[in-house]
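Engineer:
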Amino acid sequence: MGAAAPLDLTTPAGDLLVHPRPPPAAHFLAGGSPEDYFRWVLGDRERRPPALLGPAAPLRSLVEVAAGAALAFRMRDEARVAMVFSPPGTHASGAWHEGFNFAAVRRCPLVVVTAAPDPEAKRAAPRRGTRLKTLRDVCTAYGVAGRGADAADVTEIHRVASEAVGAARRGAGVQLLELRGRPPADGGIRALERRLSESEEGALGEEEGERVAAEVVREVEEAWERAVSDGGPMRPDAAWAGRDDVRSMEPWRPGAEGGPRSLDRLSGAGKGRG
Amino acid sequence: MGEGRPDQVARTVRREPATFLEAVAEALWEEMERDESVFLLGEDIGVYGGAFKVTRGFRDRFGAARVVDTPISEAGFTGAAAGAAHMGLRPVVEMQFMDFVSPAYDIITNYIATSRYRGSGPQPLVIRGPVGGGNRAGPFHSQNVEMAFFHTPGLKIVYPSTPSDAKGLLKAAIRDDAPVIFEEHKGLYRSPEIREPLPDDNHVVPIGKARTARAGEDLTIVTYGATVHLSHGAAEILSDRDGVEVEILDLRTLLPLDDDAIVESVRRTNKVLVVHEDTRTGGIAGEIAARINEKAFEWLDGPVLRVTAADAPIPYAGELEDYVLPTTDDIVTAARYLVAY
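Below, the structure is given as structure tokens:
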């Protein structure tokens, strides 16, 4: 989320974040509440902050879709930027390259955030997805700008992402932000804490940290209770997006108009054998 | 009349009859004039005017930003259309030949079709292009693609047979909030036999409604696209030589199917022949037969029969292509079998 922090996600007609999964942090960054998040996950489509697009999948298609969103910004002469999180290994797909190339050709205001090849990774996609040591070399092929940042350093990510977002907003076209190494389990928070402790403001004390954590847990639990208090948004029609013809072709269902054995349907049937 | 308009979008303002291709072009032109959110993407649709010249002159009128020449990357620009649709635009994607939609199958079926269902909002976009055989164009430029997408909830599929319907249905497709696959049989594009005056720019044909193309009481032919015209030829032969009056139901929309229109016709004629140019196995005729079986079984006085292309890719050799595709003679023969059943 450090990469997304430079985006303007809370004002109308602000920037756009395209993400593969529904991360709560993205919701909060975009102004959504914990209750909004739970309701959205349960099927209430109105609760997704407009600055978020996702979960978007298949993963290989994310860059194409984000490129199109950025194209819309450019067509309307808006100073908006789209950022897409492209998971490790997806650069090996044709769709990734088609989307990246399209964005490059059309000079779309797009920032693609992805992970550098990782020879130590357990999963094959980041380990053996390319012979390149850095995906910034790909940028040369497409004529776009590439930047790198340490995946374990959220402040560096923020700084470099700010540069990329600024360049995209100024009309420099698509930007690649490659995160090197693996983020620690705490998402870089320890690095942030270390820097804060070295600053004049200082880090949170242990007691204060526990108080904040307890507050977060309480708020999340209350949000969940509110989200399901009225039965939740999990209505059947949420499954078929308001279409009313999903079940209409099943004449055997009780209440269906004229089942196959109904007298109404048999009367006057067939010229020959009715 | 029609000053400043390219010829292919000036027929109606000149009060001249239009071809199928001109009807498609008029619909695009008028919708782009009506709604600034409508824009076009495709290979060589801008400077070159499109492989079939549907969009000739569009770039001069609407600008390069709204007539987007894309790289040769069907998946890439279809995915980009999806992103633009999310942002409130109404993209119309041209596949140079609909055979080339297959690289975009992933983004269409996995992403675009599912968008509303998984909470990412509507996808108001159209994917249109030429389909169909009979042009000696071989297996890569002759396919009908409807059944590649018919099984995918969330899509609509439109396949008009006349210039008037092409114009009205394409306008409806562009205004629809659902993604629409729009098939245009290239054999109809410049066919002089089907030229007709087009309604004005308020002409919108609702998606999902079939039309009775010919009234009759002895047999129903359910069909769409170019085989509507083959069926008309067969109906005339059957009327003249056999005294059999065929009803022709032009589906116009394949997804959703107009079940009511099909059942209503079956109830009157009691015999059904389904005709399409797409191949036989897994073709839409099978689904139509199943629905008639479910909803109108008691009214049938014979089996639901199919006249389709053979289960083969379209061959390069002309004689072989003629053998593979359905013909008027096939329809006449099947109809006589069914009438005598």
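Protein sequence lines, in the order shown, are assigned to chains A and B.
For the first sequence, this note's numbering gives the first residue as 1, with consecutive numbering after it.
For the second sequence, this note's numbering gives the first residue as 1, with consecutive numbering after it.
Ideal Cβ positions, reconstructed from N, Cα and C, are used throughout, including at glycine.
Is the region 84-99 of chain B in contact with the region 54-68 of chain A, if contact means three or more CB pairs nearer than 8 Å?
Structural biologist: Output reads yes: the region 54-68 of chain A touches the region 84-99 of chain B.
Engineer: Go ahead and label Ile-72(B) buried or exposed: buried means 16 or more other beta carbons lie within 10 angstroms of its beta carbon, across all protein chains shown.
Structural biologist: One-based indexing of the second sequence puts residue 72(B) at position 72. With fewer than 16 other Cβ atoms within 10 Å, it is exposed.
Engineer: Quick one: list the residues of chain A neighbouring Pro-179(B), beta-carbon separation under 9 Å, in chain order.
Structural biologist: As a first step, residue 179(B) is located in the second sequence; it is residue number 179 there, counting from the start. Going along chain A, no residue has its Cβ under 9 Å from Pro-179(B), so there is no contact; the nearest lies around 12 Å.
Engineer: Suppose you measure from the CA of Gly-274(A) to the CA of Leu-251(B); what does that come to, to the nearest Å?
Structural biologist: For the purposes of this step, residue 274(A) is taken as the residue at position 274 of the first sequence. For the purposes of this step, residue 251(B) is taken as the residue at position 251 of the second sequence. Interpretation of Gly-274(A) is limited by its pLDDT of 40, a score under 50 that renders its predicted location unreliable; the figure taken from the coordinates is listed afterwards. Their Cα atoms are separated by approximately 27 Å.
Engineer: Reducing DSSP to helix, strand and coil, say where Arg-147(A) ends up.
Structural biologist: Here residue 147(A) refers to the residue found at position 147 when the first sequence is read from its first residue. The answer is strand: DSSP assigns Arg-147(A) an E or B state.
Engineer: What's the call for Asn-202(B), buried or exposed, on a 16-neighbour Cβ count within 10 Å?
Structural biologist: Position 202 of the second sequence, counted from the start, is the residue given in the question as residue 202(B). Counting Cβ neighbours within 10 Å, Asn-202(B) comes out exposed, since fewer than 16 surround it.
Engineer: Compute every distance between the C-beta of Ala-104(B) and the non-hydrogen atoms of the ligand NAP, then say whether any falls below 7 Å.
Structural biologist: By its list of ligands, the structure shown contains no ligand whatsoever, and the ligand NAP lies outside what it can speak to.
Engineer: Asp-278(B) by DSSP, collapsed to three states: which one?
Structural biologist: For the purposes of this step, residue 278(B) is taken as residue 278 along the second sequence, with counting starting at 1. Three-state result, Asp-278(B): strand.
Engineer: So within the region 51-137 of chain B, which uninterrupted beta strand (DSSP E) runs reach at least 3 residues, ignoring any that extend past its ends?
Structural biologist: Counting only runs of 3 or more, we get 67-69, 90-94, 126-131.
Engineer: Quick one: any contact between the region 143-152 of chain B and the region 166-178 of chain B, if contact means 3 or more CB pairs under 8 Å?
Structural biologist: Output reads no: the region 166-178 of chain B does not touch the region 143-152 of chain B.
Engineer: With 16 other CB atoms within 10 Å as the buried threshold, where does Phe-73(A) fall?
Structural biologist: The count along the first sequence starts at 1 and reaches residue 73(A) at position 73. When all chains shown are included, Phe-73(A) counts as buried.
Engineer: Quick one: using the 10 Å Cβ neighbour count with 16 as the cut-off for buried, is Gly-272(A) buried or exposed?
Structural biologist: Here residue 272(A) is taken as the residue at index 272 of the first sequence, counted from 1. Confidence in Gly-272(A) is poor, its pLDDT being 48 and thus under 50, which makes the residue's placement too unreliable to answer from.
Engineer: At the 8 Å Cβ level, is Met-95(B) part of the contact set with chain A, yes or no?
Structural biologist: Residue 95(B) sits at position 95 when you count from the first residue of the second sequence. Answer no: the Cβ-Cβ gap between Met-95(B) and chain A never drops below 8 Å.
Engineer: Fully enclosed by the region 250-298 of chain B, which alpha helix (DSSP H) runs are 4 residues long or longer?
Structural biologist: List check, alpha helix (DSSP H) in window: 259-269, 284-296.
Engineer: Under 8 Å between C-beta atoms, does Glu-70(B) make it to chain A?
Structural biologist: In the second sequence, counting from the first residue as 1, residue 70(B) sits at position 70. For the record, residue 70(B) in the displayed sequence is Thr; it is not Glu. Taking Cβ atoms only, chain A reaches closer than 8 Å to Thr-70(B), which makes this a yes.
Engineer: Using C-beta distances below 7 Å, list every residue in its chain close to Pro-6(B), excluding the 5 sequence neighbours before and after it, in chain order.
Structural biologist: Your numbering for residue 6(B) matches position 6 in the second sequence. Arg-56, Gly-57, listed in sequence order.
Engineer: Taking any Cβ of chain B, which residues in the region 47-58 of chain A have a Cβ under 9 Å from it, in chain order?
Structural biologist: So the close ones are Arg-47, Arg-48, Leu-53, Gly-54, Pro-55, Ala-56, Ala-57, Pro-58.
Engineer: Does any CB atom of chain A fall closer than 8 Å to the CB of Gly-4(B)?
Structural biologist: Here residue 4(B) refers to the residue found at position 4 of the second sequence. So no, Gly-4(B) is outside the interface.
Engineer: Less than 6 Å between C-beta atoms, sequence neighbours within five positions excluded: which residues of the same chain meet that for Pro-87(A)?
Structural biologist: The residue you call residue 87(A) lines up with position 87 of the first sequence. Cβ within range, chain order: Pro-20, Leu-59.
Engineer: What does a CB cutoff of less than 6 Å around Gly-358(B) pick up in its chain, not counting 5 residues either side in sequence?
Structural biologist: Nothing can be reported for residue 358(B), as the shown portion of chain B is limited to 1 through 341.
Engineer: Which value, in whole angstroms, describes the spacing of the CA atoms of Pro-6(A) and Ala-172(A)?
Structural biologist: Within the first sequence, the letter at position 6 stands for residue 6(A). Within the first sequence, the letter at position 172 stands for residue 172(A). Cα-Cα distance, rounded: 17 Å.
Engineer: How would you call His-276(B), buried or exposed, if buried means at least 16 neighbouring beta carbons within 10 angstroms?
Structural biologist: Taking the first residue of the second sequence as position 1, residue 276(B) is located at position 276. His-276(B) should be labelled buried.
Engineer: In chain order, which continuous runs of the beta strand (DSSP E) of length 3 or greater are located wholly inside the region 156-194 of chain B?
Structural biologist: Runs found: 156-158, 180-185.
Engineer: Taking Val-228(A) as the reference, give the member of Val-41(A), Ala-25(A), Met-1(A) with the closest Cα.
Structural biologist: Taking the first residue of the first sequence as 1, we reach residue 228(A) at position 228. The shortest C-alpha separation from Val-228(A) is found at Val-41(A).
Engineer: Any C-beta of chain A sitting closer than 8 Å to the C-beta of Phe-20(B)?
Structural biologist: Stepping through the second sequence from its first residue, residue 20(B) is reached at position 20. Not closer than 8 Å to any Cβ of chain A, the Cβ of Phe-20(B) fails to qualify, so no.
Engineer: Kindly say whether Met-147(B), judged by its beta-carbon, lies nearer than 8 Å to any beta-carbon of chain A.
Structural biologist: Residue numbering aside, residue 147(B) sits at position 147 when the second sequence is read from its first letter. No - not a single Cβ of chain A is within 8 Å of the one on Met-147(B).
Engineer: Under 9 Å, CB to CB, which of the residues in the region 93-118 of chain A have a partner in chain B?
Structural biologist: Those residues of the region 93-118 of chain A that come within reach of chain B (Cβ to Cβ, closer than 9 Å) are Gly-94, Ala-95, His-97, Glu-98, Gly-99, Phe-100, Asn-101, Phe-102, Ala-103, Val-105, Arg-106, Cys-108.
Engineer: Give the secondary structure of Phe-85(A) by DSSP, where H, G and I count as helix, E and B as strand, and everything else as coil.
Structural biologist: Reading the first sequence from its first residue, position 85 is the one you call residue 85(A). Strand.
Engineer: Leaving out five residues on either side along the sequence, give the residues of the same chain with a beta carbon under 6 Å from the beta carbon of Ala-173(B).
Structural biologist: By one-based count along the second sequence, residue 173(B) stands at place 173. If we look at Ala-173(B) and ignore the five residues flanking it on each side, its Cβ neighbours are Val-126, Val-158, Val-180, Phe-182.
Engineer: Figure out for me which residue from Glu-207(A), Gly-99(A), Thr-114(A) has the closest Cα to the Cα of Asp-150(A).
Structural biologist: Position 150 of the first sequence, counted from the first residue, corresponds to residue 150(A). Minimum Cα distance to Asp-150(A) is reached at Thr-114(A).
Engineer: Counting only runs that start and end within the region 16-41 of chain B, where is the alpha helix (DSSP H) found for 4 or more residues in a row?
Structural biologist: Entirely contained in the region 16-41 of chain B, the alpha helix (DSSP H) runs reaching 4 residues are, in chain order, 20-34.
Engineer: Distance check for Asn-101(A) and Ala-141(A), CA to CA, integer angstroms please.
Structural biologist: Here residue 141(A) corresponds to residue number 141 of the first sequence, with the count starting at 1. Here residue 101(A) corresponds to residue number 101 of the first sequence, with the count starting at 1. Between Ala-141(A) and Asn-101(A), the C-alpha separation is close to 9 Å.
Engineer: Given Ser-162(A), which residues of its chain have a CB within under 7 Å of its CB, disregarding the five upstream and five downstream residues?
Structural biologist: By 1-based counting over the first sequence, the position of residue 162(A) is 162. Contacts found: Pro-6.
Engineer: Of all the options Ala-113(B), Thr-269(B), Leu-170(B), which has the alpha carbon lying nearest to the alpha carbon of Ala-148(B)?
Structural biologist: As a position in the second sequence, residue 148(B) is number 148, starting the count at 1. For Ala-148(B), the nearest C-alpha among the options comes from Ala-113(B).
Engineer: In the DSSP assignment, what residue or residues form a beta bridge with Thr-134(A)?
Structural biologist: As a working note, residue 134(A) is residue 134 in the first sequence. According to DSSP, which records beta bridges pairwise, Thr-134(A) is partnered with nothing at all.
Engineer: Please classify Asp-230(A) as buried or exposed, where buried requires at least 16 other C-beta atoms within 10 Å of its C-beta.
Structural biologist: Looking up residue 230(A) in the first sequence gives position 230. Asp-230(A) is exposed by the Cβ-count criterion.
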